[in-house]
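Novice: In the working numbering, the protein residues as written are 6 to 487. One structure follows; several queries about it will come next.
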């Protein structure tokens, strides 16, 4: 079920009314409603995948129970290993089996031998990479005794399948989200109103920015051999805007929807395209995944402790694994490797934690130095996105190569399907609003002062009209494929 669909427009008010006006007297029934709603939401694509998420939930629930009653370190490791093998096993079968089988066969062709491999004809379950990492965080934290295991099976199943963030995050930690299912939740008007604002901004980013950019991106990347340098550059920039609008838009809708039900999710994006270096970018982009890898992989590997060589190895492992997490294609691995190379100079010079504050804090405009740093960081990131978006590494390399050899100037406006003055105008407005509100939780976080009330309502209705009038052709969220 898509957030920007008629089905969700019907589903959401029904669940909201039942949640606050029918089941609000009983926490267990309320959690049960959320569980049922989440399974309906997820099963809307393909009900068969419900067995997968249910089995994963059962395994980790009983792993938690086993860890609670076990003091033997050896047996505790066995319980944790069961959780890891089941969850990562699902990922290997559904997401990576065909990739490894085909790569294995291709490796033998280098030696003149041809090997036939059998492909699994299976559909990748929506959101499997997200909910497996979420439930894994529970088992790992219980194993490390950072979290008390739960006996409340309904609350645990609702935590794993919580519908606002089930399909594309944020990837919540059990230490943050699960305890919220134990406590009585009261409706908070201001919290709900701010949630609606964030939903509205998320829909604008998705439907007006991302979906309109998608038409340009799809045409340019499908026919890159036919376009000039300036058109290819704009195609790459439009993809950078598309993936940001699409993914952060989903996160905004997920976080805003959660607030309507009395839950607080972690912030997943912090205006990443205003970053002044790659280190800052990765602290602001897909924060829930970056911090997951930091806490459950980078730090256990040794993190920043030890020699510089060890730090470099750990950094490359994290970025390559992050690329592989996104999909079974060499393009994602190269994308991860490229970002590791971007990060390397910062690590070697100990400047990877340099820009941790808000850019141009207490100022309207950034300095010239900040502008140059933003442009350099955005340019490097956009080159990386070319690999992320392309079908193959060969296409990525050829795309970049043609940027530097095909210098014919062609006015991009209206020469590329979907690239119009209207779309460019929305992008400019979008950038200005994000910049002005860069120090806030989300770009539509407005003051509650009564003197600003007319401005607020003008802003709400203007955005709503723009979404309904100029929203692009409906596209699936990009991260549904991961």
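Beta carbons: idealized from backbone N, C-alpha and C, even for Gly. Here the structure is a predicted model, which is why all the values come from computation and not from measurement.
1. Nearest to residue 89 by alpha carbon, out of 146, 173, 159, 54?
2. Looking at the secondary structure, which residues open and close the alpha helix (DSSP H) in which residue 458 lies?
3. When you compare only the Cα positions, how much space is there between residue 410 and residue 346?
4. Which runs of the alpha helix (DSSP H) fall wholly inside the region 405 to 456 and span at least 4 residues, in chain order?
5. Mind checking which residues open and close the alpha helix (DSSP H) that includes residue 296?
6. For residue 4 versus residue 17, is the C-beta distance shorter than 8 Å?
7. Would you give the residue range spanned by the alpha helix (DSSP H) that residue 354 belongs to?
8. Classify residue 378: buried if its beta carbon has 16 or more other beta carbons within 10 angstroms, exposed otherwise.
9. CB-CB under 6 Å to residue 64, same chain, minus the five flanking residues each way: which ones, in chain order?
10. Go ahead and label residue 141 buried or exposed: buried means 16 or more other beta carbons lie within 10 angstroms of its beta carbon, across all protein chains shown.
11. For residue 338, which residues in the same chain have their Cβ closer than 7 Å to its Cβ, ignoring the five residues on either side in sequence?
12. Can you grab the Cα-Cα spacing for the pair residue 138 / residue 431, in whole Å?
13. Sorted by chain position, which residues of the same chain lie with C-beta nearer than 6 Å to residue 341's C-beta, five sequence neighbours on each side aside?
14. Just curious, the alpha helix (DSSP H) that residue 128 is in, first and last residue?
15. Whole angstroms are fine: how far does the CA of residue 302 sit from the CA of residue 311?
16. By Cβ distance below 8 Å, which residues in the same chain neighbour residue 85 in space, the five residues on each side in sequence not counted?
17. Rounded to whole angstroms, what's the CA-CA distance from residue 13 to residue 6? Just pull it up for me.
18. Which residue marks the beginning of the alpha helix (DSSP H) containing residue 69, and which one marks its end?
19. Just the C-alpha distance for residue 230 and residue 252, rounded to the nearest angstrom, thanks.
20. Taking C-beta to C-beta, are residue 393 and residue 320 nearer than 8 Å?
21. Excluding the five sequence neighbours on either side, which residues of its own chain have a C-beta within less than 6 Å of the C-beta of residue 264, listed in chain order?
22. I want to know whether the region 359 to 374 touches the region 275 to 295 - three or more CB-CB distances under 8 Å.
23. Take residue 317 as the anchor and find which of 405, 354, 130, 381 has the nearest alpha-carbon.
24. Is it the case that the region 172 to 192 contacts the region 394 to 413, given that we only count it when at least three CB pairs across the two stretches are under 8 Å?
25. Among the residues of its own chain, which have a CB less than 6 Å from the CB of residue 75, if the five just before and after it don't count?
26. So is the beta-carbon of residue 229 under 7 Å away from any non-hydrogen atom of the ligand ZN?
Specialist: By the coordinates alone:
1. As a first step, residue 89 is located in the chain shown; it is residue number 84 there, counting from the start. It is 146 whose Cα lies nearest to the Cα of residue 89.
2. Taking the first residue of the chain shown as position 1, residue 458 is located at position 453. Note, residue 458: alpha helix (DSSP H), 458 to 475.
3. Sequence index remark: in the chain shown, residue 410 carries index 405 (1-based). Sequence index remark: in the chain shown, residue 346 carries index 341 (1-based). One alpha carbon belongs to residue 410, the other to residue 346, and they sit about 25 Å apart.
4. Those alpha helix (DSSP H) runs which fall completely within the region 405 to 456 and span 4+ residues are 426 to 441.
5. Along the chain shown, read from residue 1 onward, the residue named residue 296 stands at position 291. Counting along the chain, the alpha helix (DSSP H) containing residue 296 begins and ends at 292 to 298.
6. The requested residue 4 is not part of the displayed model; the chain covers only 6 to 487.
7. Counting from 1 along the chain shown, the entry for residue 354 is found at position 349. From DSSP, residue 354 is part of no alpha helix (DSSP H); its letter is neither H nor E.
8. For the purposes of this step, residue 378 is identified with residue 373 of the chain shown, where counting begins at 1. Result: buried.
9. Counted from its first residue, the chain shown places residue 64 at position 59. Closer than 6 Å at the Cβ level, and outside the excluded window around residue 64, lie 91.
10. Position 136 of the chain shown, counted from the first residue, corresponds to residue 141. Around the beta carbon of residue 141, 16 or more other beta carbons lie within 10 angstroms, which makes this residue buried.
11. As a working note, residue 338 is residue 333 in the chain shown. Contacts found: 325, 328, 329.
12. Counted from its first residue, the chain shown places residue 138 at position 133. Counted from its first residue, the chain shown places residue 431 at position 426. Straight-line Cα distance between these residues: approximately 35 Å.
13. Position 336 of the chain shown holds residue 341. So the qualifying residues of the chain are 324, 325, 327, 328.
14. As a working note, residue 128 is residue 123 in the chain shown. For residue 128, no alpha helix (DSSP H) segment is defined, and its DSSP state is neither H nor E.
15. Here residue 311 is taken as the residue at index 306 of the chain shown, counted from 1. Here residue 302 is taken as the residue at index 297 of the chain shown, counted from 1. Taking the straight line joining both Cα atoms gives about 16 Å.
16. If you number the chain shown from 1, residue 85 lands on position 80. Result list for residue 85: 68, 72, 144, 145, 148, in chain order.
17. Indexing the chain shown from 1 puts residue 13 at position 8. Indexing the chain shown from 1 puts residue 6 at position 1. Using only the alpha carbons, I get a separation of about 6 Å.
18. Taking the chain shown and counting its residues from 1, one reaches residue 69 at position 64. Counting along the chain, residue 69 sits inside the alpha helix (DSSP H) bounded by residues 55 to 73.
19. One-based indexing of the chain shown puts residue 230 at position 225. One-based indexing of the chain shown puts residue 252 at position 247. Rounded to whole angstroms, the separation of the alpha carbons of residue 252 and residue 230 is 28 Å.
20. Along the chain shown, read from residue 1 onward, the residue named residue 393 stands at position 388. Along the chain shown, read from residue 1 onward, the residue named residue 320 stands at position 315. Not closer than 8 Å, so no.
21. Locating residue 264 in the chain shown gives position 259, counting from the first residue. Scanning its chain for C-beta atoms nearer than 6 Å, with the 5 sequence neighbours on each side dropped, one finds around residue 264 the residues 196, 200, in chain order.
22. Because the criterion of three Cβ pairs below 8 Å is met, the region 359 to 374 and the region 275 to 295 touch.
23. Within the chain shown, numbered from 1, the residue matching residue 317 stands at position 312. The shortest CA-to-CA distance from residue 317 to any of 405, 354, 130, 381 is the one to 354.
24. No: the two stretches stay apart, fewer than three of their Cβ pairs being nearer than 8 Å.
25. Counted from its first residue, the chain shown places residue 75 at position 70. Counting only Cβ-Cβ distances below 6 Å, and skipping sequence neighbours, we find 81.
26. Only the bare structure without any ligand can be found here, which leaves the ligand ZN out of the picture.
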